[in-house]
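Here the sequence shown is numbered in this note's numbering, starting from 20 and rising by one per residue.
Beta carbons are placed, not taken as given, at the ideal position from N, Cα and C, and that holds for glycine.
Beneath this line is the structure, given in structure tokens, with notes to follow.
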Amino acid sequence: MIKNIAIVMAVLFALCAAYMWFAFTWSYSTGERAGYVQKFSKKGWVCKTWEGELSMMSLPSQVPEKFVFTVRNNTIAEKINRSLGKKVALNYDQYKGLPTSCFGDTEFLFPMLKLLNNTFLTLFAKTIRNQLNKQKLI
20 MIKNIAIVMA VLFALCAAYM WFAFTWSYST GERAGYVQKF SKKGWVCKTW
70 EGELSMMSLP SQVPEKFVFT VRNNTIAEKI NRSLGKKVAL NYDQYKGLPT
120 SCFGDTEFLF PMLKLLNNTF LTLFAKTIRN QLNKQKLI
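This is the structure:
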């Protein structure tokens, strides 16, 4: 009887371990988001992870869309903290079905950060300025 219970417990443990291994090694999707990090903090009752909000907008007059994300690497978290208020591109991996919130509040984990310059906004402003100059409004 005890032997059967031990076998069942071992099988359940192996299934849980296999599920966790699969959930952490298989990425549902990967991609890149660009915008301005407007909120970034370390959160959690027991397991602390870096949680943030990326404000994305394609045109200057649009309402920004918020993208929430998780960072588990302290080195990347330091880079994000240094780039607050600057335009960045965050490469993400999306993991579905992570077992607990101990691994992050969101399913979007960021392994890499790139700092961007504001070329689109600069070009947009130059275009408007050139059009106004042609019309002799400036």
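Bridge partners of THR68 according to DSSP: LYS62. Just so you know, the alpha carbons of THR68 and ALA96 end up roughly 10 Å apart.
Here DSSP, grouped into helix, strand and coil, assigns GLU97 to helix. In terms of CA proximity to CYS66, VAL90 leads the group THR94, LYS22, VAL90.
THR94 counts as exposed, since fewer than 16 other C-beta atoms from the protein chains shown sit within 10 angstroms of its C-beta.
Distance from the Cα of SER102 is smallest, within the candidate group THR44, PHE32, GLN57, CYS35, for GLN57. Counting along the chain, VAL82 sits inside no alpha helix (DSSP H), nor does DSSP assign it H or E at all.
According to the DSSP assignment, LEU34 belongs to the alpha helix (DSSP H) that extends over 21-44. Take LYS115, set aside five residues on each side of it, and the residues of its chain with a beta-carbon closer than 7 Å to its own are TYR47, GLU126, in chain order.
Annotated as proximal: PHE59 and GLY71, with beta-carbon spacing under 8 Å. Taken through DSSP and simplified to helix, strand or coil, LEU103 comes out as coil.
When DSSP reads this structure, MET75 sits in a beta bridge with GLU84.
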